[in-house]
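Engineer:
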Amino acid sequence: MNKLNYSVVSEFVFMGIFSSWSMQHLLLIFSSISYVAIVLGNLLIILTVTSTPQVQSPTYFLLANLSFIDMCLSTVAVPKMISDLFYEHKTISFQGCITQIFFIHLMGGTEMVLLIFMAFDRYIAICKPLHYPTIMNPRTCIFLQMSAWAIGLIHSLTQLAFVVNLPFCGPNKIDSFYCDLPQFIKLACIDTYKLEFIVTANSGFISIGTVFLLSISYIYILVTVQKHSSSGLSKALTTLSAHISVVVLFFGPCIFVYVWPFPTMPVDKFLAILDFIITPVLNPSIYAFRNKDMRVAVKRLSIHSMNFKKIS
Numbered sequence: 000m001n002k003l004n005y006s007v008v009s010e011f012v013f014m015g016i017f018s019s020w021s022m023q024h025l026l027l028i029f030s031s032i033s034y035v036a037i038v039l040g041n042l043l044i045i046l047t048v049t050s051t052p053q054v055q056s057p058t059y060f061l062l063a064n065l066s067f068i069d070m071c072l073s074t075v076a077v078p079k080m081i082s083d084l085f086y087e088h089k090t091i092s093f094q095g096c097i098t099q100i101f102f103i104h105l106m107g108g109t110e111m112v113l114l115i116f117m118a119f120d121r122y123i124a125i126c127k128p129l130h131y132p133t134i135m136n137p138r139t140c141i142f143l144q145m146s147a148w149a150i151g152l153i154h155s156l157t158q159l160a161f162v163v164n165l166p167f168c169g170p171n172k173i174d175s176f177y178c179d180l181p182q183f184i185k186l187a188c189i190d191t192y193k194l195e196f197i198v199t200a201n202s203g204f205i206s207i208g209t210v211f212l213l214s215i216s217y218i219y220i221l222v223t224v225q226k227h228s229s230s231g232l233s234k235a236l237t238t239l240s241a242h243i244s245v246v247v248l249f250f251g252p253c254i255f256v257y258v259w260p261f262p263t264m265p266v267d268k269f270l271a272i273l274d275f276i277i278t279p280v281l282n283p284s285i286y287a288f289r290n291k292d293m294r295v296a297v298k299r300l301s302i303h304s305m306n307f308k309k310i311s
């Protein structure tokens, strides 16, 4: 018989971030404004890339995918957090908790892989510019996109396979504003030490491994550029700076949560805000609005939209 049938816990209670109502109101305002900015900013990038021929290149195709993932990742947790801030008793159903875990790891795993592919795109563009159109053709872009989603799905299903049948018969309080594996596992009414280690090591290994691969790619790109032209080094650094900023913002909290050996739950909650709110807000400005081509494309899209409204 499925062990899930032995669970008597039908819902979990979120402890939230702040106990003070005044702080919760401030968080409500901040998170609401930020979520609107996340949706509008990332939708603007997606619409610009898909509707403007000047930025329909592999680099911007991958950027549009990153914007879509960021928007989805925030949507998994932030609207629920905002609605919970209106209530003292913050709950989520057992099925809702499992669903949150699934989509968080799906989006997180997909974004990790996508960032590696974006680094590969930068490597080809900087180190092999003449071969760029041949290597980064539309078929390759679609393959990279599908591969990122497939790997993210496998990662998420693998994580869930460890925990979906755990029995829950006692405590149901989660000291956070969303469901994630480390705290979810601790609430099971069996000894979960080995399982916690496996799940945490899995996510930690993936995070550190991805950062390692990205670091190697950055170093290789810079060394290659320096060998050919010392003046090109500063240009390569400028090109890579946006990508490196996003990687640091995304992986910093992940590595701290899954690799840091000491329990620091208050810190974990604030780092989660960084991943769900701050990074998705900053990504459009870091990647797109600092880029001249994207700024011009956004301006053209805005002018086109205004002209269309006048005509209609």
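The sequence shown begins at 0 in numbering that gives the first Met the number 0 and counts up by one.
Ideal Cβ placement from N, Cα and C applies to all residues, glycine included.
Looking only at its own chain, which residues have a Cβ that is under 7 Å from the Cβ of residue 120, when we skip the five neighbours before and after it?
Structural biologist: 57, 58, 61 and 135
Engineer: Which whole runs of the beta strand (DSSP E) in the region 6-67 are 3 residues long or more, in chain order?
Structural biologist: 10-13
Engineer: With a threshold of 6 Å on Cβ separation, who are the neighbours of residue 299 within its own chain once the five nearest residues in sequence on each side are excluded?
Structural biologist: none
Engineer: From residue 29 to residue 51, what distance separates their C-alpha atoms?
Structural biologist: 32 Å
Engineer: With distances taken from CA atoms, which of 89, 107, 202 and 163 is nearest residue 149?
Structural biologist: When only C-alpha atoms are compared, the closest one is 107.
Engineer: Is the beta carbon of residue 283 closer than 8 Å to that of residue 44?
Structural biologist: In this structure, residue 283 lies closer than 8 Å to residue 44 by Cβ.
Engineer: Taking the alpha-carbon of residue 147 as reference, which of 273, 126, 177 and 115 has the nearest alpha-carbon?
Structural biologist: 115
Engineer: Is residue 199 helix, strand or coil when you go by DSSP?
Structural biologist: helix
Engineer: When the Cα atoms are used, what is the spatial distance from residue 170 to residue 184?
Structural biologist: 11 Å
Engineer: Which residues in the same chain as residue 285 place their Cβ atom closer than 7 Å to its Cβ, once the five residues preceding and following it in sequence are excluded?
Structural biologist: 241, 244 and 245
Engineer: If residue 167 and residue 8 are in contact, beta carbons under 8 Å, what's the gap, nearest whole angstrom?
Structural biologist: 4 Å
Engineer: Do you know how far the Cα of residue 97 is from the Cα of residue 163?
Structural biologist: Computed Cα separation, rounded: 8 Å.
Engineer: Rounding to the nearest angstrom, what Cα-Cα distance links residue 11 and residue 292 in this structure?
Structural biologist: 47 Å
Engineer: DSSP three-state call for residue 244: helix, strand or coil?
Structural biologist: helix
Engineer: For a minimum of 3 consecutive residues, which ranges assigned as the beta strand (DSSP E) are wholly contained in the region 88-159?
Structural biologist: 89-92
Engineer: Look at the Cβ atom of residue 13, then the Cβ atom of residue 173, and state whether they are nearer than 8 Å.
Structural biologist: A contact, by the Cβ cut-off of 8 Å.
Engineer: Of the choices 23, 100 and 110, whose alpha-carbon is the least far from that of residue 155?
Structural biologist: 100
Engineer: Give the DSSP bridge partners of residue 173, in chain order.
Structural biologist: 13
Engineer: By how many angstroms is the C-alpha of residue 63 removed from the C-alpha of residue 260?
Structural biologist: Its pLDDT being 48, under 50, residue 260 is placed unreliably in this model, and the coordinates cannot settle the point.
Engineer: Can you tell me whether residue 280 is buried or exposed? The criterion is at least 16 other CB atoms within 10 Å of its CB, across all chains shown.
Structural biologist: buried
Engineer: Which residues bound the alpha helix (DSSP H) around residue 280?
Structural biologist: Element bounds for residue 280: 278-282.
Engineer: Relative to the C-alpha of residue 296, which candidate in 20, 53 and 80 has its C-alpha closest?
Structural biologist: 53
Engineer: How far does the alpha helix (DSSP H) with residue 186 in it extend, from its first residue to its last?
Structural biologist: Unbroken run through residue 186: none, as it is neither H nor E.
Engineer: The ligand FAD and residue 284: does the residue's C-beta get closer than 7 Å to at least one heavy atom of that ligand?
Structural biologist: You won't find the ligand FAD in this model; it holds no ligand whatsoever.
Engineer: Could you compute how far the alpha carbon of residue 15 sits from the alpha carbon of residue 176?
Structural biologist: 5 Å
Engineer: Among the residues of its own chain, which have a CB less than 8 Å from the CB of residue 269, if the five just before and after it don't count?
Structural biologist: Taking residue 269 as the centre and dropping the five residues before and after it, the same chain places the C-beta of 16 closer than 8 Å to its C-beta, in chain order.
Engineer: Can you give the beta carbon distance from residue 84 to residue 27, rounded, assuming they're within the 8 Å contact cut?
Structural biologist: 4 Å
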